[in-house]
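K.L.:
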Amino acid sequence: MELTGAEIVVRYLQDESVEFLFGYPGGAVLHIYDALYKQDKVKHILVRHEQAATHAADGYARSTGKPGVVLVTSGPGATNAVTGIATAYMDSIPMVVITGQVPTALIGNDAFQEVDAVGITRPCVKHNFLVKDVKDIAQTLRKAFYIATTGRPGPVVVDIPKDITAAKCAYQYPETVTMRSYNPTVKGHTGQIRRAVEMMLDAKRPMIYTGGGVILGNGSESLVQLTRTLGYPITNTLMGLGAYPATDRQFLGMLGMHGTYEANMAMHHADTLIAIGARFDDRVTGNVKKFCPDARIIHIDIDPSSISKNVKVDIPIVGSVDAVLKEMLRLIKDGDGKPDAGALKQWWAQIEEWRALNCLKYDTTAEVIKPQYVLEKLYEITNGNAFVTSDVGQHQMWSAQYYKFDLPRRWINSGGLGTMGFGLPAAMGVQLAHPDAQVACVTGEGSIQMCIQELATCKQYKLPIKVITLNNRYLGMVRQWQEFFYDRRYSNSYMDSLPDFVKLVEAYGHVGIQVTKPGDVEGALREAFGQKDRLVFIDFITDQKENVYPMIPAGAGLNEMILV
Amino acid sequence: MRHIISILLENESGALSRVAGLFSARGYNIESLTVAVTEEPSLSRLTLVTRGSDEIIEQITKQLNKLVDVVKLIDLTEGEHIERELMLVKVRAVNGMREEVKRLTDIFRGKIIDVTESTYTIEMTGAGDKLDAFLKTLTGSTILETVRSGVSGISRGEKGLLL
Ligand SMILES: Cc1ncc(C[n+]2csc(CCOP(=O)(O)OP(=O)(O)O)c2C)c(N)n1
Numbered sequence: 001m002e003l004t005g006a007e008i009v010v011r012y013l014q015d016e017s018v019e020f021l022f023g024y025p026g027g028a029v030l031h032i033y034d035a036l037y038k039q040d041k042v043k044h045i046l047v048r049h050e051q052a053a054t055h056a057a058d059g060y061a062r063s064t065g066k067p068g069v070v071l072v073t074s075g076p077g078a079t080n081a082v083t084g085i086a087t088a089y090m091d092s093i094p095m096v097v098i099t100g101q102v103p104t105a106l107i108g109n110d111a112f113q114e115v116d117a118v119g120i121t122r123p124c125v126k127h128n129f130l131v132k133d134v135k136d137i138a139q140t141l142r143k144a145f146y147i148a149t150t151g152r153p154g155p156v157v158v159d160i161p162k163d164i165t166a167a168k169c170a171y172q173y174p175e176t177v178t179m180r181s182y183n184p185t186v187k188g189h190t191g192q193i194r195r196a197v198e199m200m201l202d203a204k205r206p207m208i209y210t211g212g213g214v215i216l217g218n219g220s221e222s223l224v225q226l227t228r229t230l231g232y233p234i235t236n237t238l239m240g241l242g243a244y245p246a247t248d249r250q251f252l253g254m255l256g257m258h259g260t261y262e263a264n265m266a267m268h269h270a271d272t273l274i275a276i277g278a279r280f281d282d283r284v285t286g287n288v289k290k291f292c293p294d295a296r297i298i299h300i301d302i303d304p305s306s307i308s309k310n311v312k313v314d315i316p317i318v319g320s321v322d323a324v325l326k327e328m329l330r331l332i333k334d335g336d337g338k339p340d341a342g343a344l345k346q347w348w349a350q351i352e353e354w355r356a357l358n359c360l361k362y363d364t365t366a367e368v369i370k371p372q373y374v375l376e377k378l379y380e381i382t383n384g385n386a387f388v389t390s391d392v393g394q395h396q397m398w399s400a401q402y403y404k405f406d407l408p409r410r411w412i413n414s415g416g417l418g419t420m421g422f423g424l425p426a427a428m429g430v431q432l433a434h435p436d437a438q439v440a441c442v443t444g445e446g447s448i449q450m451c452i453q454e455l456a457t458c459k460q461y462k463l464p465i466k467v468i469t470l471n472n473r474y475l476g477m478v479r480q481w482q483e484f485f486y487d488r489r490y491s492n493s494y495m496d497s498l499p500d501f502v503k504l505v506e507a508y509g510h511v512g513i514q515v516t517k518p519g520d521v522e523g524a525l526r527e528a529f530g531q532k533d534r535l536v537f538i539d540f541i542t543d544q545k546e547n548v549y550p551m552i553p554a555g556a557g558l559n560e561m562i563l564v
Numbered sequence: 001m002r003h004i005i006s007i008l009l010e011n012e013s014g015a016l017s018r019v020a021g022l023f024s025a026r027g028y029n030i031e032s033l034t035v036a037v038t039e040e041p042s043l044s045r046l047t048l049v050t051r052g053s054d055e056i057i058e059q060i061t062k063q064l065n066k067l068v069d070v071v072k073l074i075d076l077t078e079g080e081h082i083e084r085e086l087m088l089v090k091v092r093a094v095n096g097m098r099e100e101v102k103r104l105t106d107i108f109r110g111k112i113i114d115v116t117e118s119t120y121t122i123e124m125t126g127a128g129d130k131l132d133a134f135l136k137t138l139t140g141s142t143i144l145e146t147v148r149s150g151v152s153g154i155s156r157g158e159k160g161l162l163l
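Those protein sequence lines, which keep their order, are chains U and B. Here the first sequence is numbered in our numbering, starting from 1 and rising by one per residue. Here the second sequence is numbered in our numbering, starting from 1 and rising by one per residue.
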């Protein structure tokens with residue numbers, strides 16, 4: 001039997017077991033929407049802005065490990081989606097975005113709602129396709145899912161002209177996919193792994209530094225085993241939080257620009273650095289010339305181009321993190337080498353001295369609400385079990401510092417692109433994927449306004465997200481930089497004319513609470529999480545001038561932190 | 001250092017702009033770029049000349065390899081190779097210069113492929129530096145136009161860029 005292109009798209013998504021399709025209709029995708037209407041296997045989630053469709057799919061992907069799927073129309077639908085595609089690209093999130101396109105005959109004519117979607121998205125996708133024949137739809141979608149989810153994951157765009165979705169052909173799910181030009185490496189080089197293990201065991205002042213790659217590659221369990229076997233200190237990047245339990249003694253906290261004193265000092269003084277699924281981002285290394293001056297570096301990554309990109313490494317291992325870590329564990333178990341207990345004891349003594357500084361302490365006697373306090377209470381009340389999404393700014397850094405993530409895929413934030421507006425739609429994707437879980441979106445009064453229209457989507461699909469707004473009446477992170485580096489000239493960083501958030505969320509049909517006193521923080525959080533089937537938005541009026549500490553100014557080394 | 005990178009690319013629309021886009025987005029320079037389909041119609045072969053430190057060239061080849069449309073590549077300059085470029089030059093050729101230009105063209109083993117009362121058009125192939133040298137010797141006469149194809153290259157002997 002022949003199906004239309006639109007029916008093939010929908011059948012394919014069914015066969016790929018896609019649960020949710022995040023989208024927004026328009027002329028170029030009307031055939032596809034019609035095909036969606038006639039089935040109920042793939043659930044379409046109607047967002048209120050295409051940017052939110054991509055972030056929601058992204059949150060779904062980050063919290064489940066499965067690809068997020070998006071459908072938008074041509075022209076403005078596609079351009080609105082670009083921010084979310086770029087966000088997913090920077091954090092290597094598997095996503096397939098189907099964009100409608102004007103009919104083939106009109107392409108290139110500046111037709112109504114035409115943009116070159118393939119051209120616009122090229123620099124921010126892992127790959128993209130323009131489908132020119134209905135016979136290619138199934139195979140192209142198969143390739144798109146394959147590319148998006150294998151190797152170093154990433155978003156893939158499939159642009160489908162409207163006439164192609166009307167044309168007909170036979171459909172069969174393509175069981176296999178082969179691409180001569182795409183063969184992601186999985187297994188690391190055995191010789192290199194052996195050398196790396198030798199170097200690791202020979203370390204006097206070792207440090208394990210891991211990033212988002214461990215989470216994307218489902219390598220947490222192996223990482224925990226390896227770290228415990230070795231007894232070495234470990235730090236995670238902003239993207240890597242949760243890969244190693246934050247409540248464990250061997251964990252030194254996050255590293256980098258707003259990392260802990262102990263993590264950054266241990267990095268700086270290490271003689272052997274074991275980097276796993278991390279990419280030596282500038283927010284992590286500080287000044288690369290001053291980065292880990294004494295360390296020999298082992299780097300495990302699935303993407304060869306991540307290796308020696310910013311920092312030259314001694315032992316590169318290209319492969320899937322989990323496979324490589326398992327091989328390392330096996331070699332350690334079967335071999336007779338052991339970590340140097342004496343050296344390690346001294347190293348830990350030094351680290352404990354750094355840790356004793358308690359760099360995350362803050363004023364707990366203040367009369368105003370301290371943002372750090374809200375996060376500590378959030379952690380307590382959710383028993384550390386919530387999925388926490390965040391936007392971008394100070395609140396993001398405080399979330400990373402004070403919410404102790406013990407499990408992977410619980411901390412969902414835009415680390416690479418730093419996209420304000422990410423938090424709420426991402427939380428929708430997370431809550432849809434985990435209907436019974438506690439999902440909190442920690443945000444600022446600036447960021448939340450970038451996608452606030454999604455409160456309507458939350459209402460429509462009854463998503464009981466808890467929105468934790470740290471309202472400092474400032475674009476806080478911008479204000480902090482202006483305080484430190486621009487002589488307190490607060491140019492356009494004050495958030496004027498804020499809406500009455502309580503009234504606003506009530507207008508959307510949700511529960512709103514404003515909290516102004518530290519004594520009311522805990523009660524409000526308890527009440528919010530008590531409302532199991534409602535979205536509750538808490539507007540915490542926090543200390544206006546609180547800063548994120550520690551901080552490494554751009555261009556400084558990891559040992560040159562501003563502490564308070 | 002100057003490097004000649006040879007790439008087998010899927011012969012698909014957009015593949016070339018992925019390569020060119022990568023260079024502009026990451027701030028790498030392209031000195032020349034040539035591309036044409038191979039004996040296997042689904043593949044194009046692209047030759048690209050670029051300059052950079054060893055670290056930059058390493059990143060360039062890794063980033064190129066990461067492009068889904070890139071099937072295979074080699075850095076020709078890492079081994080023995082042959083480099084050729086085609087050049088067409090149109091020069092003003094009047095009076096005494098006609099003889100002189102003809103002589104120089106012969107010395108460089110070029111061919112005069114079009115003649116008018118006042119111009120010669122010369123065809124020449126060779127490595128880039130030979131073509132540069134020829135242009136330098138022509139300074140006495142007026143060059144009206146130069147067209148260069150960009151470098152093509154192939155490795156010597158058994159070695160090669162094969163599927
Ligand atoms: C889309 C976008 N625009 C601008 C920025 C730059 N920026 C980074 S943090 C920040 C301030 C965020 O303010 P708010 O959401 O109130 O959070 P706070 O820092 O106060 O916690 C801005 C403007 C950004 N990251 N994303």
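We put the beta carbon where it would ideally sit given N, CA and C, even for glycine.
1. Checking contacts by CB at 9 Å: is G213 (chain U) closer than that to chain B?
2. DSSP three-state label for T83 (chain U), please.
3. Any contact between the segment 335-346 of chain U and the segment 98-108 of chain B? By contact I mean 3 or more CB pairs, one from each, below 8 Å.
4. Quick one: residues in its chain with C-beta nearer than 6 Å to the C-beta of G416 (chain U), no 5 flanking neighbours on either side, listed in chain order?
5. Does the beta carbon of M95 (chain U) come closer than 9 Å to any beta carbon on chain B?
6. If you measure beta-carbon to beta-carbon, which residues of the segment 31-43 of chain B are closer than 7 Å to chain U?
7. What residues in the segment 118-131 of chain U have a beta carbon less than 7 Å from any beta carbon of chain B?
8. According to DSSP, D75 (chain B) sits in a beta bridge with which residue or residues?
9. Along the chain, where does the beta strand (DSSP E) that runs through D114 (chain B) open and close?
10. Measure how close the beta-carbons of G160 (chain B) and E83 (chain B) come, nearest whole angstrom, since I'm counting them as under 8 Å.
11. If you check the beta carbons only, do V10 (chain U) and A35 (chain U) fall under 9 Å apart?
12. At the level of alpha carbons, what is the spacing between D271 (chain U) and R205 (chain U)?
13. Measuring only from the beta carbon, is M551 (chain U) closer than 8 Å to any heavy atom that is part of ligand 1?
14. Below 9 Å between beta carbons: does that hold for S63 (chain U) and K72 (chain B)?
15. Compute the minimum distance between the beta carbon of R48 (chain U) and the heavy atoms of ligand 1, and state whether it is under 8 Å.
16. Residues of chain B with CB under 7 Å from Y566 (chain U), in chain order?
17. For chain B, is any of its Cβ atoms less than 9 Å away from the one on S305 (chain U)?
18. Could you check if M1 (chain U) is buried or exposed, using at least 16 other CB atoms within 10 Å of its CB as the buried criterion?
19. Determine the extent of the beta strand (DSSP E) in which G514 (chain U) is found, giving its start and end residues.
20. Are the CB atoms of T210 (chain U) and L230 (chain U) nearer to each other than 9 Å?
21. I need the DSSP call for C124 (chain U), collapsed to helix, strand or coil.
22. Any chance the CB of H3 (chain B) is under 8 Å from a heavy atom of ligand 1?
23. Hey, would you say R148 (chain B) sits closer than 9 Å to H81 (chain B), going by beta carbons?
24. Using 9 Å as the limit for Cβ to Cβ distance, is N95 (chain B) near chain U?
25. Between which two residues does the beta strand (DSSP E) holding K168 (chain U) run?
26. Any idea if N29 (chain B) is buried or exposed, counting beta-carbon neighbours within 10 angstroms, 16 or more meaning buried?
27. Compare the C-beta of N65 (chain B) with all C-beta atoms of chain U and state if any pair is closer than 9 Å.
28. CA-CA distance, Q172 (chain U) and P233 (chain U)?
29. Determine the direct distance from the alpha carbon of I513 (chain U) to that of A524 (chain U), and round the result to whole angstroms.
30. To which residues of the same chain is P174 (chain U) closer than 7 Å at the C-beta, ignoring the five residues directly before and after it?
31. Within the chosen definition, does the segment 466-485 of chain U reach the segment 387-401 of chain U through at least 3 CB pairs nearer than 8 Å?
32. Does the count of Cβ pairs from the segment 549-556 of chain U and the segment 31-45 of chain B closer than 8 Å reach three?
33. Would the beta-carbon of V125 (chain U) be found less than 8 Å away from any heavy atom of ligand 1?
34. Any C-beta of chain B sitting closer than 9 Å to the C-beta of I147 (chain U)?
35. What's the call for R45 (chain B), buried or exposed, on a 16-neighbour Cβ count within 10 Å?
36. Would you mind telling me which residues of chain U sit closer than 7 Å to R18 (chain B), beta carbon to beta carbon, in chain order?
P.N.:
According to the structure data:
1. Under the 9 Å criterion on CB atoms, G213 (chain U) is classed as non-interfacial with respect to chain B.
2. Three-state result, T83 (chain U): helix.
3. Because the criterion of three Cβ pairs below 8 Å is not met, the segment 335-346 of chain U and the segment 98-108 of chain B do not touch.
4. Within the same chain, G416 (chain U) has close Cβ partners M90 and D91.
5. Not closer than 9 Å to any Cβ of chain B, the Cβ of M95 (chain U) fails to qualify, so no.
6. Correct list: empty, as no residue qualifies.
7. From the segment 118-131 of chain U, only V118, R122, P123 and H127 have a Cβ closer than 7 Å to chain B.
8. According to DSSP, which records beta bridges pairwise, D75 (chain B) is partnered with B:I5.
9. Run containing D114 (chain B): K111 to V115, per the beta strand (DSSP E) assignment.
10. About 15 Å; that fails the 8 Å criterion.
11. Yes. Within cutoff.
12. Going from the Cα of D271 (chain U) to the Cα of R205 (chain U) covers about 5 Å.
13. Between ligand 1 and the CB of M551 (chain U), the shortest heavy atom gap is not smaller than 8 Å.
14. Contact flag unset, no.
15. Because no heavy atom of ligand 1 lies under 8 Å away, the Cβ of R48 (chain U) does not count as near it: no.
16. Absent from the model: residue 566 (chain U). The displayed extent of chain U is 1 to 564, so no value can be given.
17. So yes, S305 (chain U) belongs to the interface.
18. Around the CB of M1 (chain U), fewer than 16 other CB atoms lie within 10 Å, so the residue is classed as exposed.
19. The sequence shown places Gln at residue 514 (chain U), not Gly. Run containing Q514 (chain U): V511 to V515, per the beta strand (DSSP E) assignment.
20. No, Cβ-Cβ distance for T210 (chain U) and L230 (chain U) is not below 9 Å.
21. C124 (chain U) carries a helical assignment under DSSP once its states are collapsed to helix, strand and coil.
22. The answer is no for H3 (chain B).
23. No Cβ-Cβ contact shorter than 9 Å links R148 (chain B) with H81 (chain B).
24. Not an interface residue.
25. Residues K168 to A170.
26. Answer is exposed; the Cβ neighbour count stays below 16.
27. Interface residue, yes.
28. Taking the straight line joining both Cα atoms gives about 52 Å.
29. If I take the Cα positions, the gap works out to 7 Å.
30. The answer, listed in chain order, is A138, Q139 and R142.
31. With a cut-off of 8 Å, the segment 387-401 of chain U and the segment 466-485 of chain U count as touching, because enough Cβ pairs lie within range.
32. The segment 549-556 of chain U vs the segment 31-45 of chain B: no contact.
33. For ligand 1, no non-hydrogen atom lies closer than 8 Å to the CB of V125 (chain U).
34. At least one chain B Cβ lies under 9 Å of I147 (chain U).
35. Under a 10 Å Cβ-count criterion, R45 (chain B) is classified as buried, with 16 or more other Cβ atoms of the shown protein chains found around its own Cβ.
36. For R18 (chain B), the residues of chain U that pass the 7 Å Cβ criterion are R122, in the order they occur in the chain.
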